[in-house]
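Going by my numbering, the letters in the sequence shown line up with residues 1166 to 1344, in that order. Quick reminder that beta carbons are idealized off the backbone N, C-alpha and C, glycines included. Computed from a predicted structure; not experimentally measured. Below is one structure; the comments refer to it alone.
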Amino acid sequence: MSNFDPSVVKAGENHTTIEETENQVSLAYGMAIHELDIILELVNFIQEPPGDDHEALKAYRDQTAKDVRRLLVRVNISSGILKARDAQFHYHAKRLRTTDRIDRLRLWNREKKQELEAARLRDGERGFEAASKRLEEQKRVVIKCYKLESLWDKAMQREKSAGTQVDDLSSDCETSMEE
């Protein structure tokens, strides 16, 4: 029953198998390769320069500048997606190592926020809205089903107080969503 309660430590949860680690690394590399494929596709749109026609060279220069700007935007988006997924992974790993139920809820919440950030960067605002609705529903169900209302309130209070002080949970998590 408590398999989905993010605040409860499960037996053996702070140990990962080689296979689980391999799957996480494989997923990370797969995402990075996918992002690089998108960038490579954009690079392939850049065409050969035309002959000696002055007007054609000007048009080529303008088009190349536009392509490079588009490529730069895509590189920044890809970087943001990978940073958000990296932070999500670190929050997940940190949550698995933490026994304090309040901190586990905080880390679970941050992990889900990074998942939202990756969805926003990957799928735009529409994807973000859909993912946000799913996350809010998931939070509501988890909090209700496991009777975590008071624990959730304490976690959110601790999160607010951490916002005014040095953050105690993200020491080794590179985040793209600074609050």
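Just the C-alpha distance for residue i and residue j, rounded to the nearest angstrom, thanks.
i: V1174; j: H1255; result: 17 Å
i: A1296; j: I1242; result: 18 Å
i: A1221; j: E1213; result: 11 Å
i: D1202; j: K1278; result: 26 Å
i: Y1311; j: A1258; result: 22 Å
i: Q1303; j: E1187; result: 27 Å
i: Q1189; j: T1329; result: 33 Å
i: S1191; j: T1181; result: 15 Å
i: E1301; j: R1266; result: 20 Å
i: G1177; j: K1231; result: 53 Å
Looking only at its own chain, which residues have a Cβ that is under 7 Å from the Cβ of residue i, when we skip the five neighbours before and after it?
i: L1236; result: I1204, L1207, V1208
i: W1317; result: L1270, I1308
i: T1229; result: I1211
i: F1293; result: L1281, A1284, R1285
i: E1314; result: I1308
By Cβ distance, which residues of its chain are closer than 8 Å to residue i, with the 5 residues on each side in sequence left out?
i: E1339; result: Below a pLDDT of 50, predicted positions are generally treated as unreliable, and E1339, at 45, falls in that range; no measurement from the model is reported.
Would residue i and residue j be called neighbours here (beta carbons separated by less than 9 Å)?
i: R1226; j: R1271; result: no
i: D1268; j: A1197; result: no
i: P1171; j: R1260; result: yes
i: I1246; j: R1287; result: yes
Return helix, strand or coil for residue i, following the three-state DSSP convention.
i: Y1194; result: helix
i: M1268; result: It should be noted that the sequence gives Asp, not Met, for residue 1268. D1268 falls in the helix class under three-state DSSP.
i: S1297; result: helix
i: V1174; result: coil
i: F1210; result: coil
i: D1251; result: helix
i: T1218; result: The sequence shown places Asp at residue 1218, rather than the Thr named in the question. Correct three-state label for D1218: coil.
i: L1313; result: coil
i: M1166; result: Bear in mind that the predicted position of M1166 carries a pLDDT of just 46, short of 50, making it unreliable; the figure below should be weighed with that in mind. The answer is coil: DSSP assigns M1166 none of H, G, I, E or B.
i: T1186; result: helix
Among the residues of its own chain, which have a CB less than 6 Å from the CB of residue i, if the five just before and after it don't count?
i: S1326; result: none
i: T1263; result: R1269
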